[in-house]
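Chemist: Heads up: the first sequence begins at 17 in this note's numbering, then just goes up one per residue. By construction, the Cβ of each residue, glycine as well, lies at the ideal position given by its N, Cα and C atoms.
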Amino acid sequence: MQSTVLSTAFETKSNIVVSAPTSSGKTVIFEIAIARLLYTTQQQKALYLAPTKGLCSERTKDWAAKFQHLNAPVVELTGDSNALGLASAKDARIIISTPEKWDYITRRWSKNDHILRHIKLLLIDEVHFLRERNRGPCLEVLVSRMKDKVDDLRVIALSATVPNADDIAEWVGSNATDSDIDECGSPKTTADLFTFGETYRPCPLRKYVYGYANPEGDYWKLEGNLNSRIMQIIQEHANGRPVLIFAPMRKSASNAAEVLANEFDRLCEARNRPWDPPLPSMTANYDDPNLNELAPRGVAYHHAGLSPRDKRLVESAFLEGRCFVLVSTSSLAVGVNLPAYLVIIRGTKLYQGQWTEMDDLDILQMMGRAGRPQFDREGVCVIMTENNRKDYYVAMARGETPIESTLHLSLIEHVNAEIGQRESCSQDFVENWLRGTFLFVRMKKNLRHYQIEGAGGMNDPEHGVQNLSRHLFKSLREHELLLDATQDGRSEIACSHYGDLLASYFISFKTFLRLLRVKRGASTSDILQVLCLAEEFCEIRIRHGEKGVWNKIRTLSQIRFPPKKVTNATDKLSILIQAVLAGVNVLDIFKEEGEVFKAGFQSEARLVFRQAPRILKCLVDIAVHREDGKTAKDASELVRSTSGQAWDSSPATLRQLDNIGEKYMQLLSEAGIKSIGDVADSDPLRMEHLLNRRSSNFGFKLVQQARSFPDLDLMISEVKHKRFDDCVESRIELAIDLKNSNKEVINVWTAEKQPRYIICLTTSSEGELFDYRRMSRQTFQNCLQAPQI
DNA sequence: CTATGAGTCAATAATCTGCTCCAGA
DNA sequence: ATTATTGACTCATAG
């Protein structure tokens, strides 16, 4: 079947796009192309991009073993891998990464050029991720960038079954020289396209569509109703083999699991056991108590709100047969392969403010989980939907909705970054760049879909491009992100300082505008407010049933800036951030209230605290640029607090020490040890006693680590003082001497591999900025004699 | 005594939100 | 199923 693809991959160097059903063994095509690269060259590298870290690490493991004997080192570069930069990939022949990470790396192209220029083969897995709202644009921009910067780059992209794979082929383009000619005798401009239909699925799929009446048109009613019908479907189709059920909400997933467990009990009593439960000794102990209830019946649920440990446990329980029925949200539709014999799509609508029909591609993705090639000869998929959608799903042999671009939704950030990467640039260049995007390929076919402002009714994609660019440049200029200049009579453009900030901090344009609107002399609470409004956090919402908990935490004395009432996600965010900073034991409060959102809180907190320092750093730089000392100072302090996840004065600072978590932090602060300094001054044995940890020098290590924290002295002396008689102005010169009073050596890198740096900020008491400098610890040591102001 | 506001309670109306990834001087 | 809103009601308090 794949022989033509394989020979094209191995014998030619042309670009290839393949569209085929999930799990039909597409990766061979990549491997063949890599083999060609390894056999024909010495230095060249291959880059593999996949949408999830899970897929990346799976691929890394697989290929490290496979290509070991060919002496081709494999390196994985994702947010998880410790390696920060590209340096570790110097000797690798195969680099594995995610689009976002690679975007970050290639935005600093010149710095990495010595490695990047060896990459001659780009492999894109699951290229249909292009259509993803948030992440598609990144991939789109990346491919353009790689094609632009690397001569003779070969691109191979694999996609799920999509109707417009030819658009992808057109966008990937051909890397052929002029002498290459296609069958019709004209020069090749698109990649070689291979499409494989459903018949190429390794496990044939039997499909059933069940329609249900929804008389009142209220989907919530049906939504609650569907659960009771699942058991019957399982009994009819599962054949005692594993079942995977997809539900639209976290809550519906856990509800469905509960219903199934109850029916299981009922059927067991009636001596009609639908499946064999696992042995009691085999069930894991979950963090989530509800999962513990379900596990003995062979039922579980899975969604992103579970603790990472629970997610792992559920996945392995399902793989190893200790769980027969798994109800999941879309978390298991993509990523690591977790196949089942029977897949049930429990409802085809998704709630997004209102109930909306799910995307074809998502449905296909879920259907793709049915059938385990190593165990079953076939797979079964049951789609439960409304009566009036029944025919549609019966007819759906393959996806009918074409992949559209989403680049237009975050175009301004990406164009700004592209401009910033170049020494010189022009509006023509940007328009040309736009013509190379997948967005343009789709605009040619479906311009109306993109509703480009000012393009009104026009059917000409060229007009679309011009309108887009006019609009872009207007916004960029309006907010001073652009510098105009004339070079040899031609008008040139470049990023302004603000433009550079926007690109280098990877900030959403909307958030950036908010940061620009922060008024002079903003207070900590003002800054916190802006932070909570950041578009980066728009995914964080108040879940049903959660409001009470946040209202309760709001009233705690540790919350410094409590909102009046928790009504929206912004209020929740504000409390969440402050609660973590103050070291409030949020988990305990959740526990008192029923423990349902416990793990969800942790993952939300992770998300927020990963991003907050970056957004705030950007605000610091903006304030410095405006010489607004007050804002720069307060924002800097918030950067520090959010990085350490603790207010400066709170005992939560103790959590920065290894092995100190919520519990130990509390024990220590009750004993009056409330800061890193207190720990440094403590007796190691007392620490061991307090924490009841006597083994392996625990206390000694702790105290030593506390002592290794940077400890700086600041001395200010007045050097000169001049007063002018005729005016009120006075002139004061200060020498600032920063001294490291700490004798022990400080590591340049923190435990999280973050660089330590020192900020010196000088302001007047009115908040006027005199001086701001940021230096690495080494620079700081080299210039102990401090700058004169 | 009365107008006012805070607080309580119960009835009733409104609402209910998947996943993933990344950002160094 | 949970949460928000509403309106009737009580009670304390200032004028």
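1. Would you kindly check if the distance between the Cβ of A263 and the Cβ of A254 is under 8 Å?
2. By the three-class DSSP mapping on this structure, what secondary structure does T766 have?
3. Short check: CB of L632 to CB of L547, under 8 Å?
4. Do the stretch 595–606 and the stretch 304–314 make contact, defined as three or more Cβ pairs closer than 8 Å?
5. Which word fits V350, buried or exposed, when buried means at least 16 other C-beta atoms lie within 10 angstroms of its C-beta?
6. Quick one: give me the first and last residue of the beta strand (DSSP E) that T345 is part of.
7. So what does A316 bridge to, in DSSP terms?
8. What separation, rounded to the nearest whole angstrom, lies between the Cα atoms of I692 and E678?
9. When the Cα atoms are used, what is the spatial distance from W236 to E429?
10. Confirm, please, whether the CB-CB distance from R393 to C219 is below 8 Å.
11. Report the rounded CA-to-CA distance for A767 versus R557, giving the unit in angstroms.
12. Go ahead and label N403 buried or exposed: buried means 16 or more other beta carbons lie within 10 angstroms of its beta carbon, across all protein chains shown.
13. Per DSSP, what kind of secondary structure is I569 in: helix, strand or coil?
14. For F786, is the classification buried or exposed, using 16 other Cβ atoms within 10 angstroms of its Cβ as the cut-off for buried?
15. Does T586 come out as helix, strand or coil in the three-state DSSP assignment?
16. Strictly by DSSP, which residues pair up with C441?
17. From the DSSP output, read off the bridge partner residues of Y235.
18. Check the DSSP bridge columns for A386 and list the partner residues they point to.
19. Measuring alpha carbon to alpha carbon, tell me which residue in Q368, G369, R338 and S332 is nearest L354.
20. Smallest Cα separation from K165: which of S126, D504, K717 and R151?
21. Let me know if C554 comes out buried or exposed under the rule of 16 or more other beta-carbons within 10 Å of its beta-carbon.
22. Run through the DSSP bridge pairs and tell me what W371 is partnered with.
23. Does DSSP classify Y302 as helix, strand or coil?
24. Going by alpha carbons, who is nearest to E784 out of D644, L684 and S652?
25. Among S23, A433 and D587, which residue has its Cα nearest to the Cα of A519?
26. CA-CA distance, D167 and I121?
27. When you compare only the Cα positions, how much space is there between G564 and E608?
28. When you compare only the Cα positions, how much space is there between S30 and L592?
29. Could you please give the first and the last residue of the uninterrupted alpha helix (DSSP H) stretch that includes R257?
30. I need the DSSP call for D699, collapsed to helix, strand or coil.
31. Note down, in chain order, each residue of its chain lying with its Cβ closer than 6 Å to the Cβ of A538, except the 5 sequence neighbours on either side.
32. Mark T57 as exposed unless 16 or more other C-beta atoms lie within 10 angstroms of its C-beta, in which case mark it buried.
33. Give the DSSP-derived three-state secondary structure of T779 in the structure shown.
34. Quick one: is E156 buried, meaning 16 or more other Cβ sit within 10 Å of its Cβ, or exposed?
35. Can you tell which of E142, G152, K117 and A105 has its C-alpha closest to the C-alpha of L132?
36. Extract the residue ranges of the alpha helix (DSSP H) inside the stretch 630–672, only unbroken runs of 4 or more that lie entirely within it.
Modeler: Concretely, from the data shown:
1. By 1-based counting over the first sequence, the position of residue 254 is 238. By 1-based counting over the first sequence, the position of residue 263 is 247. Cβ atoms of A254 and A263: not closer than 8 Å.
2. As a working note, residue 766 is residue 750 in the first sequence. Note on T766: pLDDT 42, under 50, position unreliable in the model; no value is reported.
3. In the first sequence, residue 632 corresponds to position 616, counting from 1. In the first sequence, residue 547 corresponds to position 531, counting from 1. Taking 8 Å as the Cβ cut-off, L632 and L547 qualify as a contacting pair.
4. no
5. Within the first sequence, residue 350 is the residue found at index 334, counting from 1. With 16 or more other Cβ atoms within 10 Å, it is buried.
6. In the first sequence, counting from the first residue as 1, residue 345 sits at position 329. Per DSSP, T345 belongs to no beta strand (DSSP E) and is neither H nor E.
7. Position 300 of the first sequence, counted from the first residue, corresponds to residue 316. Note: A316 sits in a beta bridge opposite L342.
8. Taking the first sequence and counting its residues from 1, the one referred to as residue 692 is at position 676. Taking the first sequence and counting its residues from 1, the one referred to as residue 678 is at position 662. If I take the Cα positions, the gap works out to 15 Å.
9. Sequence index remark: in the first sequence, residue 236 carries index 220 (1-based). Sequence index remark: in the first sequence, residue 429 carries index 413 (1-based). Near 38 Å, if we compare the C-alpha coordinates of E429 and W236.
10. What you label residue 219 is simply residue 203 of the first sequence in a count that begins at 1. What you label residue 393 is simply residue 377 of the first sequence in a count that begins at 1. Cβ atoms of C219 and R393: closer than 8 Å.
11. Taking the first residue of the first sequence as position 1, residue 767 is located at position 751. Taking the first residue of the first sequence as position 1, residue 557 is located at position 541. Confidence in A767 is poor, its pLDDT being 42 and thus under 50, which makes the residue's placement unreliable; the coordinate value appears in the next sentence. For A767 and R557, the distance between alpha carbons rounds to 31 Å.
12. As a working note, residue 403 is residue 387 in the first sequence. Exposed, since its Cβ has fewer than 16 Cβ neighbours within 10 Å.
13. For the purposes of this step, residue 569 is identified with residue 553 of the first sequence, where counting begins at 1. Three-state result, I569: helix.
14. Within the first sequence, residue 786 is the residue found at index 770, counting from 1. So F786 counts as exposed.
15. Taking the first sequence and counting its residues from 1, the one referred to as residue 586 is at position 570. Looking at T586 - three-state DSSP - the assignment turns out to be helix.
16. For this step, residue 441 is matched to residue 425 along the first sequence. C441 is bridged to I509.
17. As a first step, residue 235 must be located in the first sequence, where it is residue number 219. For Y235, which the question treats as bridged, DSSP gives no partner whatsoever.
18. Position 370 of the first sequence, counting from 1, holds the residue named residue 386. DSSP lists A356 as partners of A386.
19. Residue 354 sits at position 338 when you count from the first residue of the first sequence. With distances taken between Cα atoms, L354 lies closest to S332.
20. Sequence index remark: in the first sequence, residue 165 carries index 149 (1-based). Closest by alpha carbon: S126.
21. For the purposes of this step, residue 554 is taken as residue 538 along the first sequence, with counting starting at 1. Exposed, by the Cβ-count rule.
22. The sequence position of residue 371 within the first sequence is 355, counting from 1. Beta-bridge pairing links W371 to Y367.
23. In the first sequence, counting from the first residue as 1, residue 302 sits at position 286. Residue state, collapsed to three classes: coil.
24. Here residue 784 refers to the residue found at position 768 when the first sequence is read from its first residue. Comparing Cα positions, the closest option is D644.
25. Along the first sequence, one-based indexing puts residue 519 at 503. That would be A433, whose Cα lies nearest to the Cα of A519.
26. For the purposes of this step, residue 167 is taken as residue 151 along the first sequence, with counting starting at 1. For the purposes of this step, residue 121 is taken as residue 105 along the first sequence, with counting starting at 1. One C-alpha to the other measures close to 19 Å.
27. Counting from 1 along the first sequence, the entry for residue 564 is found at position 548. Counting from 1 along the first sequence, the entry for residue 608 is found at position 592. The straight-line gap from Cα to Cα measures roughly 11 Å.
28. Numbered from 1 along the first sequence, position 14 holds the residue referred to as residue 30. Numbered from 1 along the first sequence, position 576 holds the residue referred to as residue 592. Rounded to the nearest angstrom, the two C-alpha atoms are 52 Å apart.
29. For the purposes of this step, residue 257 is identified with residue 241 of the first sequence, where counting begins at 1. No alpha helix (DSSP H) holds R257; DSSP gives it neither H nor E.
30. Taking the first sequence and counting its residues from 1, one reaches residue 699 at position 683. Three-state DSSP puts D699 in coil, outside helix and strand.
31. Locating residue 538 in the first sequence gives position 522, counting from the first residue. Once the five neighbours on either side are set aside, the close Cβ partners of A538 are T647.
32. Walking along the first sequence from the start, residue 57 turns up at place 41. With fewer than 16 other Cβ atoms within 10 Å, it is exposed.
33. Here residue 779 corresponds to residue number 763 of the first sequence, with the count starting at 1. Three-state DSSP puts T779 in a strand.
34. Looking up residue 156 in the first sequence gives position 140. Buried: at least 16 other Cβ atoms inside 10 Å.
35. Counting from 1 along the first sequence, the entry for residue 132 is found at position 116. For the residues E142, G152, K117 and A105, the minimum Cα distance to L132 belongs to A105.
36. 645–660
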